[in-house]
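Worksheet: one structure, shown below.
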Amino acid sequence: QKEVEQNSGPLSVPEGAIASLNCTYSDRGSQSFFWYRQYSGKSPELIMFIYSNGDKEDGRFTAQLNKASQYVSLLIRDSQPSDSATYLCAVFKAAGNKLTFGGGTRVLVKP
Amino acid sequence: DAGVIQSPRHEVTEMGQEVTLRCKPISGHDYLFWYRQTMMRGLELLIYFNNNVPIDDSGMPEDRFSAKMPNASFSTLKIQPSEPRDSAVYFCASSLLGANVLTFGAGSRLTVL
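Protein chains in written order, with the working numbering: chain A, 11 to 121; chain B, 876 to 988.
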C-alpha cells in the first residue's frame with residue numbers, strides 16, 4: 011500500500027463546475043496535509059494546507075480533512091481552464107520531518 | 876527574492892558520465908530538499924539538509940548518488956556514473972520551518988542516453 015494515494019485521472023470537468031479531488035493516506039500519525047498544483051513542465055506550488063478535521067476555504071479552493079477515515083479532499087469551485095494541472099496531495103509527519111507526496115491527479119477543465 | 880534557483884535546467888548525457896546538479900535555496904531558509912520526479916514513481920525525496928547538515932539520505936537510491944551542502948546558499952547533487960534509469964526531473968526545494976511548506980525550484984531535467 012502506498013503511503014499517499016490519489017486517483018491519477020484525468021478528471022475532466024466542464025468550465026464553471028466543481029472539481030473534487032480525493033487523497034487517502036496510510037499513516038495515522040500524519041499531522042498536516044498539503045495540496046500542491048503542478049502545471050505541465052513546471053514545478054509544484056503550494057495551494058493550501060490543513061491541520062484540523064473539517065473544512066478550510068481559500069478563495070475557490072476548499073480542503074477537507076477527515077483523520078478518522080484518513081482522507082483529504084480538495085474542491086475547486088467555478089473551475090477555470092487555467093485550473094488544468096496535476097494536483098499533488100502531500101502528507102507531513104513531524105517525526106522524521108518528512109513530506110510524502112501522492113502520485114497526483116490530473117485535472118482537465120474544458121471550456 | 877529570486878526563489879530557489881537550479882542549474883542546469885536541462886542536461887543530456889551519456890551513460891557512465893558524471894552529472895552535477897546545483898541548487899541555490901531561498902536566503903534565510905534553513906532546510907533544503909532534493910526530490911526526483913518520474914512518471915512511474917512520482918515525486919520522491921532523496922535527501923534533505925538542515926543548516927547545511929545532511930539529516931536524512933534514506934531516499935538516495937544507491938552509492939552512485941551523493942549530495943553536499945558546503946554553505947547555506949549552495950547545494951549539489953552528483954550522480955557518478957550515470958545510468959539511463961536516472962533520467963528524471965530533479966527538484967530542489969527549500970523551507971523555513973521544516974518539511975511542510977516547501978518552495979520548489981524550476982527543476983533540472985536529466986536525460987541519460
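Glycine is no exception: its CB is placed at the ideal position from the N, C-alpha and C atoms.
**Study point:** DSSP state of S962(B) mapped onto helix, strand, coil
**Key:** Sequence index remark: in the second sequence, residue 962(B) carries index 87 (1-based). Coil.
**Study point:** Contacts of L920(B) in chain A (Cβ-Cβ under 9 Å)
**Key:** Residue numbering aside, residue 920(B) sits at position 45 when the second sequence is read from its first letter. Per Cβ cutoff of 9 Å: K108, L109, T110 and F111.
Check your understanding: Would you call the region 893-903 of chain B and the region 961-981 of chain B in contact, with 3 or more CB pairs under 8 Å?
Key -> yes
Exercise for review: Would you be able to state if there are at least three C-beta pairs under 8 Å between the region 50-65 of chain A and the region 74-93 of chain A?
Suggested key: yes
Review point. From what residue to what residue does the beta strand (DSSP E) around K953(B) run?
Key: Residue 953(B) sits at position 78 when you count from the first residue of the second sequence. K953(B) -> beta strand (DSSP E) spans F949 to I954.
Exercise for review: Could you name the residues of the same chain whose beta carbon sits closer than 6 Å to that of Y35(A), not counting the 5 residues immediately before and after it, in chain order?
Suggested key: Along the first sequence, read from residue 1 onward, the residue named residue 35(A) stands at position 25. If we look at Y35(A) and ignore the five residues flanking it on each side, its Cβ neighbours are V14, Q80 and V101.
Exercise for review: Assign Y49(A) to buried or exposed, taking buried as 16 or more other Cβ atoms, counted over all protein chains shown, within 10 Å of its Cβ.
Suggested key: Sequence index remark: in the first sequence, residue 49(A) carries index 39 (1-based). By the 10 Å Cβ count, Y49(A) comes out exposed.
Review point. I think P929(B) touches A942(B), with their Cβ atoms under 8 Å apart; what is that distance to the nearest whole Å?
Key: Numbered from 1 along the second sequence, position 54 holds the residue referred to as residue 929(B). Numbered from 1 along the second sequence, position 67 holds the residue referred to as residue 942(B). The Cβ separation is near 7 Å, so the contact holds.
Exercise for review: Examine chain B for any beta-carbon lying closer than 8 Å to the beta-carbon of S53(A), and answer yes or no.
Suggested key: Taking the first residue of the first sequence as 1, we reach residue 53(A) at position 43. It does: the Cβ of S53(A) has a partner Cβ on chain B nearer than 8 Å.
Exercise for review: Within 10 angstroms of the Cβ of T96(A), are there 16 or more other Cβ atoms? Answer buried if so, exposed if not.
Suggested key: For the purposes of this step, residue 96(A) is identified with residue 86 of the first sequence, where counting begins at 1. The residue is buried, with at least 16 neighbouring Cβ atoms inside 10 Å.
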